[in-house]
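Numbering (the UniProt record's numbering), first residue to last: 1 to 371.
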Amino acid sequence: MSINAPRSLKHLLWPGNRDKLYQNLPTAIADSLPDKWGDSIYRAWLIDNKISTKKITPVDHLLFIGSSAMGALEFEPAQLMVNNEPSILDIPRLYQFSSLVFKQKTPTIVDNNQSILWQDLIKISSSPGGKRPKAIVAVNKNTGEVISGQGRIPNDFQHYILKYDDNSTYPLAKLEFVYYKMALKAGIHMMPSELRQYGDVPHFLTQRFDRKGNQKIHTQTLAAMAPPVKTYEGIFEVIRYLNLPIEDSIQQYLRTVFNIITRNVDDHNKNFSFCMTEKAIWRLSPAYDLTFSVDLGAPGYVNRHQLTVNEKDEDINRKDLEKLGIENDIPEYKALINQVIEAANLFPTYAKELGIQNDLIASIQSEFIML
């Protein structure tokens with residue numbers, strides 16, 4: 001439930017949120033619904049099984065996800081469509097098949113091999129959020145073996161999200177890895193991530209923060225915790241409401257400055273999350289989905305930030321960020337800004353190491369807001 005919802009030991013009506021994002025569900029429940037990619041998998045499955053999408057409700061979708069939701073929530077009675085036991089995955093073939101499903105939305109199962117791919121795709125791709133194709137996997141760090149990551153996994157495996165590469169606009173996997181390295185240099189906490197080659201295609205792998213071994217960690221996005229928040233100032237209000245430690249405020253400040261400087265304009269309220277500890281204490285989650293998200297071919301109004309700073313969604317400057325630091329009692333806020341600037345200056349170095357073309361490096365860096 002949202003942080004300002006009423007609490008009681010009695011049974012309470014828990015009304016749905018009428019905003020399109022929540023599909024008339026309570027915000028904490030709607031948080032388990034996937035975004036564009038997971039939704040496209042579900043709708044393609046419906047079409048393939050000749051089920052009318054007009055008769056399907058968001059609750060049906062949650063039951064389809066069952067125990068595979070991100071975070072710790074599970075939905076019963078689950079519609080068990082595939083066996084969730086871990087199985088070895090053929091990443092190159094799944095990547096190609098995922099691209100087909102994502103682009104066409106109406107895959108046709110023509111033989112037994114494709115049927116097996118379809119089952120694997122449903123198993124690993126029906127629950128994650130975001131618009132890019134991705135898979136829920138588990139990786140053996142010693143052997144490199146990749147298996148499906150839904151359900152319980154063997155002790156020598158770790159839970160990961162695998163984000164498929166997509167070169168239609170940018171080398172997305174390489175760019176996200178560059179941003180990961182810059183974020184670490186800036187002092188931002190992120191889960192261990194890597195760029196890994198499968199076949200001749202690099203993909204971005206990041207450990208899940210909502211799993212610790214086979215233990216599920218309750219996680220909610222800002223969208224679920226505080227639906228009205230549309231500003232970076234609002235995130236700090238939530239942090240104070242939850243009585244989080246100063247370390248979390250500093251982390252959020254670093255992430256805010258990083259997003260502004262490096263032009264991560266896809267900074268909507270589902271890209272910030274909170275995790276609950278075993279002692280039922282909320283903490284800011286590690287950062288995720290940090291990458292260049294400006295459309296270089298689009299007009300400027302398309303590339304505005306989703307969350308505002310000082311009532312501005314573009315042309316945010318150092319004074320705006322310093323004001324944010326002062327108002328939220330961020331210690332050494334000027335030094336933190338400089339820390340992020342130094343990390344952002346490493347962009348061309350990190351990008352060249354991965355073979356990203358010089359003209360693209362120059363185009364992206366020209367978009368940076370060097371305060």
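In this text, a Cβ means the ideal position worked out from N, Cα and C, and glycines have one as well.
{"Check": "Within 8 Å, strictly: CB atoms of Lys134 and Ser125", "Outcome": "yes"}
{"Check": "Residue closest to Tyr232, alpha-carbon to alpha-carbon, out of Thr221, Leu307, Val139, Pro77", "Outcome": "Leu307"}
{"Check": "Close Cβ partners of Glu194 (< 7 Å) along its chain, the five nearest in sequence each way excluded", "Outcome": "Leu205"}
{"Check": "Residues that Phe274 bridges to, as DSSP identifies them", "Outcome": "Gln220, Leu284"}
{"Check": "Contact check, Asn317 vs Leu371, beta carbons under 8 Å", "Outcome": "yes"}
{"Check": "Per-residue DSSP class, three states only, for Ala362", "Outcome": "helix"}
{"Check": "Inter-residue Cα distance where the pair is residue 375 and Gln215", "Outcome": "Outside the displayed range of the chain (1 to 371) lies residue 375, so it cannot be described from this structure."}
{"Check": "Cβ-Cβ distance between Phe274 and Tyr170 below 8 Å", "Outcome": "no"}
{"Check": "Own chain partners of Ala280 with C-beta closer than 8 Å, once the 5 adjacent residues on each side are dropped", "Outcome": "none"}
{"Check": "The segment 328 to 348 touching the segment 259 to 266, judged by at least three CB pairs closer than 8 Å", "Outcome": "yes"}
{"Check": "C-alpha gap between Leu25 and Glu74, whole angstroms", "Outcome": "15 Å"}
{"Check": "Cut-off 6 Å between Cβ atoms - residues of its own chain near Asp248, not counting five sequence neighbours on either side", "Outcome": "Ile239, Leu284"}
{"Check": "Closest Cα partner of Gln96 within the set Val257, Asp165, Asp289", "Outcome": "Asp165"}
{"Check": "Three-state class that DSSP yields for Thr57 in the structure shown", "Outcome": "coil"}
{"Check": "Proximity winner among Asn345, Ser363, Phe347, relative to Val294 (alpha-carbon distances)", "Outcome": "Ser363"}
{"Check": "Simplified DSSP state of Pro107, which is helix, strand or coil", "Outcome": "Note that Pro107 scores a pLDDT of 48, beneath 50, so its modelled location is shaky and nothing firm can be said."}
{"Check": "7 Å CB neighbourhood of Asp313 in its chain, flanking five on each side removed", "Outcome": "Arg304, His305"}
{"Check": "Beta-carbon separation (whole angstroms), Ile91 vs Tyr198, contact threshold 8 Å", "Outcome": "4 Å"}
{"Check": "Rounded Cβ spacing between Ile217 and Met276 (contact assumed at less than 8 Å)", "Outcome": "7 Å"}
{"Check": "Closest by C-alpha distance to Asp192, when choosing among Pro286, Thr256, Phe258", "Outcome": "This sequence places Pro at residue 192; Asp is not what is there. The shortest C-alpha separation from Pro192 is found at Pro286."}
{"Check": "CA-to-CA distance, Lys212 to Val257, given in whole angstroms", "Outcome": "29 Å"}
{"Check": "Option in Tyr288, Asn142, Tyr301 with minimal Cα separation from Leu184", "Outcome": "Tyr288"}
{"Check": "Glu367 to Pro348 span [Cα, whole Å]", "Outcome": "13 Å"}
{"Check": "Extent of the continuous alpha helix (DSSP H) to which Arg318 belongs", "Outcome": "318 to 327"}
{"Check": "Nearest residue (CA-CA) to Asp120, options Asn358, Ile326, Ile41", "Outcome": "Ile41"}
{"Check": "Simplified DSSP state of Met182, which is helix, strand or coil", "Outcome": "helix"}
{"Check": "Minimum length 4: unbroken alpha helix (DSSP H) runs contained in the segment 328 to 354", "Outcome": "333 to 344, 347 to 353"}
{"Check": "Start-to-end residues for the beta strand (DSSP E) that takes in Lys36", "Outcome": "Note, Lys36: premise wrong, no beta strand (DSSP E); alpha helix (DSSP H) at 36 to 48."}
{"Check": "Lys174 vs Gln150 beta-carbon contact at 8 Å", "Outcome": "no"}
{"Check": "Exposed unless 16 or more other CB atoms sit within 10 angstroms - verdict on Asn155", "Outcome": "exposed"}
{"Check": "Cut-off 7 Å between Cβ atoms - residues of its own chain near Leu162, not counting five sequence neighbours on either side", "Outcome": "Lys134, Ala135, Val137, His203, Leu205"}
{"Check": "Contact check, Arg93 vs Ile188, beta carbons under 8 Å", "Outcome": "no"}
{"Check": "Terminal residues of the alpha helix (DSSP H) in which Glu233 lies", "Outcome": "232 to 241"}
{"Check": "Alpha helix (DSSP H) segment containing Ala30, residue limits", "Outcome": "27 to 30"}
{"Check": "Per-residue DSSP class, three states only, for Arg211", "Outcome": "strand"}
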